[in-house]
């Protein structure tokens, strides 16, 4: 069975500081990995995704993530956080592209200090 | 602009009522999903549908059913609402070609 762990429930960073959100997954085959962001009162928006190829993927809003098979990790990073990045972030692992079924982590809430 | 629309942002229902949550997408996607979101539990899959009149149970289908009579519309039904079904419900539509899910804004349901 597939699973996703986001070890940090809540992270606080100062505006302008760098950010790394951790994600570890468990999956029997090559995973399809996603990061989503959810602003308060909104649905989820896809930030980036990984299926194969270059292990460093670029997404929207200046985010990037690196797939490390040996560590079963897919951590999300941003060099300089903006106040508008305050939101909840979800990592997800997909069963296959055709189904679109994903297992989500419990989420990490990001607070940005001025 | 692609869109997934959930008919209600907020709903308050009484215990035992039959509740319908509606979701419509305008992207001609075949795959649609209903998730439930609770604090600290992430998103959990209730039901999904690959095509009209086709549905499959997700991880937590108990107490729920679904209907997909038309491609663009996927409805979640609570046959007899209970207080433990108070939650945020998210509908998603999936673009197979680009491997991307599009989410509605969610319906926050309170059962009293």
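Protein chains in written order, with my numbering: chain A, 1 to 114; chain B, 1001 to 1112. The C-beta atom is built at its ideal place from N, Cα and C for all residues, glycine as well. In this text the structure is predicted, and so the values were computed from the model without any measurement.
Check, Outcome
"Cβ distance (whole Å) where residue 83 of chain A is taken to contact residue 112 of chain A below 8 angstroms", "5 angstroms"
"Bridge-paired residues (DSSP) for residue 17 of chain A", "In the DSSP output, where bridge partners are listed per residue, residue 17 of chain A has none listed."
"Supposed contact pair residue 1070 of chain B and residue 1052 of chain B - C-beta distance, whole angstroms, cut 8 angstroms", "7 angstroms"
"Same chain, Cβ closer than 8 angstroms to residue 1056 of chain B, neighbours up to 5 away in sequence not counted", "1047, 1048, 1049, 1050"
"Straight-line gap, residue 139 of chain A to residue 1072 of chain B (C-alpha atoms, nearest Å)", "Residue 139 of chain A lies beyond the stretch modelled for chain A, which goes from 1 to 114, so this question has no answer here."
"CB of residue 1017 of chain B within 8 angstroms of CB of residue 1006 of chain B, strictly", "no"
"Residue-chain proximity (residue 76 of chain A, chain B), Cβ-Cβ < 8 angstroms", "no"
"Residue nearest to residue 26 of chain A in terms of C-alpha spacing, selected from A:70, A:11, A:57", "A:70"
"Cβ shell of residue 57 of chain A (< 6 angstroms), same chain only, five flanking positions each side left out", "48, 50, 65"
"CA nearest to the CA of residue 1062 of chain B, picked from B:1041, B:1042, B:1028, B:1036", "B:1036"
"Close Cβ partners of residue 1090 of chain B (< 7 angstroms) along its chain, the five nearest in sequence each way excluded", "1035, 1037, 1043, 1103, 1104, 1106"
"Unbroken stretches of the alpha helix (DSSP H), 4 residues or longer, contained in the region 16-82 of chain A", "none"
"Closest Cα partner of residue 41 of chain A within the set B:1025, B:1087, B:1093, B:1101", "B:1087"
"Alpha-carbon spacing of residue 1020 of chain B relative to residue 1078 of chain B, whole angstroms", "7 angstroms"
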